[in-house]
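Engineer: First, the structure itself, so that you have it in front of you.
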Amino acid sequence: MKPTQAIALGAIAVAVVASAVLLRSRRLQPQQTCKKELQTAAPSECYLQRDDAAERSAANSARVVPDGALVLTKSHGAVTIVSYDASSQSYTVRMQGKADATSPKEQKHQVPASDLESVRVRDMFVYPIKSCRGVRLETATITERGILNDRTWMFTDEAGTFITQRRYHKMALIDPLLDDMENPTSITLRAEGMPDLVVPILREGDGQERPVRVWKSHLTAIDQGDAAAEWINTFLANERKDKTFRFVRMKESGHRPTNPKFAPDHETAFADGYPFLLTLNASIDAVNEALDEKIDMYRFRPKYVKARAFDLLHCAH
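Just so it is clear: in the sequence shown, position 316 is 316 by UniProt numbering, and no numbers are missing.
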């Protein structure tokens with residue numbers, strides 16, 4: 001497979017899986033843990049679907065994958081489920097492609113259930129502070145906003161507009177540490193050349209409320225105090241010129257809807273747009289084949305890194 005073809009297929013797979021994960025996260029209640037074992041774990045018998053009704057129908061029957069689900073197979077790649085034959089434990093699947101003089105636009109095939117691909121999640125990350133370093137996870141708690149504590153804090157200018165390492169590159173060196181990943185009471189700001197600063201978490205009713213903005217989203221956040229502001233202003237002293245910054249946390253009662261065109265009825269915290277970003281090892285490998293200077297997967301700040309490409313994410317109930 002040419003690198004360009006692998007990249008295109010990888011992009012399709014990412015879009016499909018990200019959509020599925022978004023829909024699944026809406027049904028998981030806050031604090032419910034979705035554990036993904038790394039590398040050696042066996043996949044569960046649960047395919048995440050794009051359609052709530054179809055998934056409920058499958059869960060209430062002997063079927064694993066409902067009609068209309070987009071899955072990946074060993075023999076035919078990406079296909080859509082047409083029907084299921086319980087007696088033979090096989091699926092009728094529909095391949096989608098361009099029509100030509102010799103083949104119809106849609107081709108149907110019969111495949112055994114074992115032909116459906118499985119997946120291994122190699123890495124998971126959470127990024128407590130927007131545009132700062134991530135924390136590697138072995139398990140993740142999924143909430144209505146995505147992974148618990150992801151992009152819950154951010155730095156802003158005095159007007160409340162978010163700042164990122166796109167402009168202030170040294171932010172990539174800030175290494176946040178939560179004292180507890182489930183119920184944190186403090187977050188420590190760490191960076192080379194700076195003293196560690198333990199910042200007690202100020203929640204609603206504890207700290208000053210500030211209007212903030214992330215792209216076109218206007219929200220109210222809780223200021224995390226003058227000590228944290230002094231720390232970031234000192235750290236970025238050579239980059240910020242005459243600007244001053246604050247450190248804020250999203251309100252528990254706050255809501256930031258995702259773009260309804262792509263993910264209706266979902267929300268996120270201070271992420272750029274969506275609560276999940278999934279990347280594929282095979283896709284970055286294909287990209288690197290075409291580059292003289294190789295790039296690392298983690299430059300894309302993923303939350304999930306898949307060990308295999310072009311298959312569907314499994315998730316334990």
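The C-beta atom is built at its ideal place from N, Cα and C for all residues, glycine as well.
(1) How would you label A271, buried or exposed, when you count the other beta carbons within 10 angstroms and need 16 or more for buried?
(2) Count the other CB atoms within 10 Å of the CB of A286; is the residue buried (16 or more) or exposed (fewer)?
(3) How far does the alpha helix (DSSP H) with D285 in it reach, from first residue to last?
(4) Please classify F162: does DSSP put it in a helix, a strand, or coil?
(5) Alpha carbon to alpha carbon, how far is N281 from H109? Give it in angstroms, no decimals.
(6) Rank S75, P302, R213 by C-alpha distance to the C-alpha of R256 and give the top, closest one.
(7) Counting only beta-carbon atoms, is W153 nearer than 9 Å to chain D?
(8) Please go through the same chain and pick out, in chain order, the residues whose beta-carbon is closer than 7 Å to the beta-carbon of Y298, but skip the five residues on each side of it.
(9) If we ignore side chains and look at the alpha-carbon of each, how far apart do Q165 and F155 end up?
(10) Counting C-beta neighbours from all protein chains within 10 Å, is the total for A42 16 or more, i.e. buried, or is it exposed?
(11) Quick check on this structure: which residue in E144, D115, A140 has the alpha carbon closest to the alpha carbon of M124?
(12) According to DSSP, is L177 helix, strand or coil?
(13) Pull the bridge partners of L72 from the DSSP assignment, please.
(14) Return the chain-ordered list of same chain residues with a C-beta closer than 7 Å to the C-beta of G254, the five sequence neighbours on each side being excluded.
(15) Leaving aside the five residues before and after S131 along the sequence, list all residues of the same chain whose C-beta is less than 6 Å from its C-beta, in chain order.
(16) Give me the DSSP bridge partner(s) of M250.
(17) Determine the closest residue to R301 out of D196, P275, N238, with distance taken between C-alpha atoms.
(18) Smallest Cα separation from W153: which of L137, P128, L173, L177?
(19) Taking contact to mean 3 or more Cβ pairs, one atom from each stretch, closer than 8 Å, check whether the segment 223-232 and the segment 193-209 are in contact.
(20) With DSSP run on the structure shown, which of helix, strand or coil describes H255?
(21) So R213 is in the beta strand (DSSP E); what residue range does that whole segment cover?
(22) Leaving out five residues before and five after A191 in sequence, what residues of the same chain have Cβ atoms less than 7 Å from its Cβ?
(23) Mapping DSSP to helix, strand and coil, what is Y298?
(24) Could you please give me the residues that DSSP links to W153 through a beta bridge?
(25) Residue range of the alpha helix (DSSP H) that T234 falls in?
(26) Relative to the alpha-carbon of H169, which residue among R240, I81, V93 has its alpha-carbon at the smallest distance?
(27) Looking at C-alpha atoms only, which residue of W231, V71, L177 is the closest neighbour of R133?
(28) Going by DSSP in three states, S87 sits in which element: helix, strand or coil?
(29) Using only CA atoms, which one of S186, S87, R94, S217 lies nearest to T73?
(30) Taking DSSP as the reference, what is the three-state secondary structure of K241?
(31) Our contact map puts K243 next to E204 with C-beta atoms below 8 Å; I'd like the distance itself, whole angstroms only.
(32) Cα separation between K78 and E230?
(33) Using CA coordinates, which residue listed in T143, L189, N233, V198 is at the minimum distance from D157?
(34) When DSSP builds the beta bridges, which residues end up paired with P200?
Structural biologist: Taking the definition as stated:
(1) buried
(2) buried
(3) From DSSP, the alpha helix (DSSP H) with D285 extends over 281-289.
(4) Shown here, F162 sits in a strand according to DSSP, grouped into three states.
(5) 29 Å
(6) R213
(7) Of the protein chains in the structure, only one exists, and it is not chain D.
(8) Hits under 7 Å: none found.
(9) 11 Å
(10) Its pLDDT being 37, under 50, A42 is placed unreliably by the model, and the measurement read from it follows with that caveat. Answer is exposed; the Cβ neighbour count stays below 16.
(11) A140
(12) strand
(13) A78
(14) Sequence-distant partners of G254 (beyond 5 residues in either direction) whose C-beta falls short of 7 Å from its own C-beta, in its chain, are L219, T220.
(15) Around S131, the same chain offers T164, Q165, M171 as residues with beta carbons nearer than 6 Å, after the five sequence neighbours per side are excluded.
(16) A221
(17) P275
(18) P128
(19) yes
(20) coil
(21) 209-214
(22) The answer, listed in chain order, is L173, I174, D175, F235.
(23) Reduced to three states, the DSSP call for Y298 is helix.
(24) Answer by DSSP bridge pairing, in chain order: I129, R249.
(25) 226-235
(26) R240
(27) In terms of CA proximity to R133, L177 leads the group W231, V71, L177.
(28) In this structure, S87 counts as coil in the three-state DSSP scheme.
(29) R94
(30) coil
(31) At roughly 27 Å, the Cβ-Cβ gap does not stay under 8 Å, so K243 and E204 are not in contact.
(32) Checking the sequence, you will find Ala at residue 78 rather than Lys. For A78 and E230, the distance between alpha carbons rounds to 52 Å.
(33) N233
(34) Its beta-bridge partners are S186.
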